[in-house]
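Quick note, the sequences are listed as chains X and A, same order.
Residue numbers for the first sequence follow my numbering, so the first one is 85 and each next one is one higher.
Residue numbers for the second sequence follow my numbering, so the first one is 296 and each next one is one higher.
C-beta: ideal position from N, C-alpha, C; glycine also.
Following: one structure in structure tokens, then a few remarks.
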Amino acid sequence: MTPGLEHYLVVSLLLFALGLLGVIIRRNLLVIYMSVEMMLNAANLALVAFSRFNNNLNGQVMVFFIITVAAAEVAVGLALIVALYRQRQSAHVEDLATMKL
Amino acid sequence: MEAVFFYLFAAATLLCGFLVIANPVSRNPVTSAMFLVLTIVSLAGLFVLLHAFFLAAVQILVYAGAVMVLFLFVIMLLDLQAEERRSFKKLALAGGGLAVVVIALLARAAVRESPLGTAAPPMVEGSPRALGKLLFTEYLLPFEILSVLLLVAMVGVILLSRKEAK
Numbered sequence: 085m086t087p088g089l090e091h092y093l094v095v096s097l098l099l100f101a102l103g104l105l106g107v108i109i110r111r112n113l114l115v116i117y118m119s120v121e122m123m124l125n126a127a128n129l130a131l132v133a134f135s136r137f138n139n140n141l142n143g144q145v146m147v148f149f150i151i152t153v154a155a156a157e158v159a160v161g162l163a164l165i166v167a168l169y170r171q172r173q174s175a176h177v178e179d180l181a182t183m184k185l
Numbered sequence: 296m297e298a299v300f301f302y303l304f305a306a307a308t309l310l311c312g313f314l315v316i317a318n319p320v321s322r323n324p325v326t327s328a329m330f331l332v333l334t335i336v337s338l339a340g341l342f343v344l345l346h347a348f349f350l351a352a353v354q355i356l357v358y359a360g361a362v363m364v365l366f367l368f369v370i371m372l373l374d375l376q377a378e379e380r381r382s383f384k385k386l387a388l389a390g391g392g393l394a395v396v397v398i399a400l401l402a403r404a405a406v407r408e409s410p411l412g413t414a415a416p417p418m419v420e421g422s423p424r425a426l427g428k429l430l431f432t433e434y435l436l437p438f439e440i441l442s443v444l445l446l447v448a449m450v451g452v453i454l455l456s457r458k459e460a461k
């Protein structure tokens, strides 16, 4: 039995859930950022699976764009984290509560 | 045969993904980054199973190569001491569990609402030739805009990470 679309979607869903869980429970900014990357990758997997099983290559082009945007986003985000670390000497979300009421 | 590889890669992806967010042995960000590399490589294996060969190569080159090296550089630059071993907050765990349950319910509702596209036998091949043809004809404008985006990101990063001259 070869795996069908629903198999891949379940894997993608579980990976997305893991990423979401990581964003919520971890306190380190860098690990939170890695979890966000994991969620992006889960979406990519779903897109590629849909593209394959619907005989439509547009999904793969979309994944191509997502990977490029994610690379740019990682560069900007990490630069922001470094700038933040210079100001506060910390990369923990609990230490970054200036805007909290 | 394909099923064996599918379950192998899927299990590797999910196991490594779990170890990224909740490693029982080490809370060090470097460990998380290494397991994220493994997650990405297993995902590339799944892409190969889906016949998206070019994307699998790009995934490894861009993510496991460029992005994770950037992550490791920043981890070393920041010189983070290992997160002290404290248990996760109860509230955060409850909130996270709730969010995951909501997502699962949404996904089930969505799948019920619209049938999955398994009607036609899968034929599509993600070869560089097919992808490149699509990228340079139908998606030429987004492609060019993307290059501008990369330039903007580069300028922004240089501006952000420059030391303030006082």
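For L185 (chain X), no CB of chain A lies under 9 Å from its own CB, so it is not counted at the interface with that chain.
In the DSSP assignment, the residues bridged to H176 (chain X) are X:N112. From the beta-carbon of I108 (chain X), the residues of chain A found nearer than 7 Å are A387, G390, G391, A394. For M329 (chain A), the enclosing alpha helix (DSSP H) starts and ends at 324 to 344. Scanning its chain for C-beta atoms nearer than 6 Å, with the 5 sequence neighbours on each side dropped, one finds around S327 (chain A) the residues V315, in chain order. Taking a C-beta cut-off of 7 Å against chain X, the contacting residues of the region 316 to 350 of chain A are I316, P324, S327, A328, L331, T334, I335, L338, L341, F342, L345, H346, A347, L350, listed in chain order. Sequence-ordered contacts of the region 115 to 136 of chain X with chain A read V115, Y117, M118, S119, E121, M122, N125, A126, N128, L129, V132, A133, F134, S135, R136 [C-beta pairs closer than 9 Å]. For E408 (chain A), the enclosing alpha helix (DSSP H) stretches over residues 385 to 408. When secondary structure is reduced to three states using DSSP, S442 (chain A) falls in the helix class.
Taking a Cβ-Cβ cut-off of 7 Å, the neighbours of I370 (chain A) in chain X comprise L114, given in sequence order.
When C-beta atoms of the region 107 to 116 of chain X are compared with those of the region 85 to 94 of chain X, fewer than three pairs fall below 8 Å, so the two segments do not count as touching. Straight-line measurement puts the Cα of L333 (chain A) at about 15 Å from the Cα of G103 (chain X).
Not a single C-beta of chain X is nearer than 9 Å to the C-beta of L435 (chain A). Take the alpha-carbon of N142 (chain X) and the one of L436 (chain A): they are about 15 Å apart. Within the model, the alpha-carbon separation for I355 (chain A) versus F349 (chain A) is close to 10 Å.
One Cα belongs to I150 (chain X), the other to N128 (chain X), and the distance between them is close to 8 Å.
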